[in-house]
Each structure stands twice: as C-alpha cells, then as structure tokens.
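In my numbering, the protein residues as written are 2 to 125.
The following block contains the structure:
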C-alpha cells in the first residue's frame, strides 16, 4: 500500500485495518471506501482511487466498495478484478433508480469514471 499523508494503520481481529482521510475532490464525510483486505478510507482523491484499483489482486484483494455514509442514502460502487485481470464496476443508486454494471477499462479510466459518478451523487 502506498503511504499517503495522514496514513494510520490499526490492527483489527488479525487483519490490517486502516483509515485514511486523504482529502481530494470528494467530500470526506459522506462516503467510505473499503477494500476486501479490510483497509478503509474517507475522502479519497482520484489518485488514491487509482492506486487502490492498481493494488487489486485476484483472489485475495479482488474488490473495493465505495458507499454512502449519510442517513437514508443507499448508493454504492463496487470495483472488482476478476480471475482474468479484468475490471468491472457496479454502480447502484436506488434514489435515481440506477443499477448498472460496466465491464472493462483501465485503472485510470475506472478511477476517473468512479470519481465523477461519486461526486455527482454526493453533490446532489
């Protein structure tokens, strides 16, 4: 894991759990990002999201989830790396009646698309 300013690690139940507030373009209090390996982040930037996607590995750390922390909000995004090293992104926002799965793409493109989508949901 690349070290970011404000990085702190906490041991939890035999697995590494981290919480980072990295600032960046998206609101830090309205969503969290968690990797399959148990690392948790708040307020990530597109650059950190790119790094996290680049660190996905099948089968032990094959997905990350970005989800709302606001009361009543139920949106989420899941970025998954499959056994063939292909990325897939699932976007879900019941308030907008949106649920779609987008296969393929590079880490850079996925990070950009997810950042734009989350920003649009958070700013509503």
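Glycine residues also receive a C-beta, built at the ideal position from the N, C-alpha and C atoms. This one's a predicted model, so the numbers in the text were calculated from it and none came from an experiment.
Rounded separation between residue i and residue j - CA only
i: residue 96; j: residue 43; result: 22 Å
i: residue 75; j: residue 100; result: 12 Å
i: residue 87; j: residue 107; result: 9 Å
i: residue 58; j: residue 82; result: 7 Å
i: residue 33; j: residue 111; result: 17 Å
i: residue 120; j: residue 90; result: 16 Å
i: residue 41; j: residue 122; result: 20 Å
i: residue 98; j: residue 52; result: 30 Å
i: residue 77; j: residue 84; result: 23 Å
Simplified DSSP state of residue i, which is helix, strand or coil
i: residue 104; result: strand
i: residue 45; result: coil
i: residue 40; result: coil
i: residue 124; result: coil
i: residue 110; result: helix
i: residue 98; result: coil
Residues bridged to residue i [DSSP beta-bridge criterion]
i: residue 56; result: None; residue 56 has no bridge partner.
i: residue 64; result: 81
i: residue 151; result: Outside the displayed range of the chain (2 to 125) lies residue 151, so it cannot be described from this structure.
i: residue 90; result: 80, 103
Short CB-CB distance (under 8 Å) between residue i and chain C
i: residue 31; result: Considering every chain present, this structure includes no chain C. It has just one protein chain.
Closest residue to residue i among the options (Cα-Cα distance)
i: residue 49; options: 94, 124, 115; result: 115
i: residue 92; options: 56, 31, 62, 67; result: 67
i: residue 94; options: 113, 73, 34; result: 73
i: residue 70; options: 35, 113, 117; result: 35
i: residue 56; options: 109, 118, 102; result: 109
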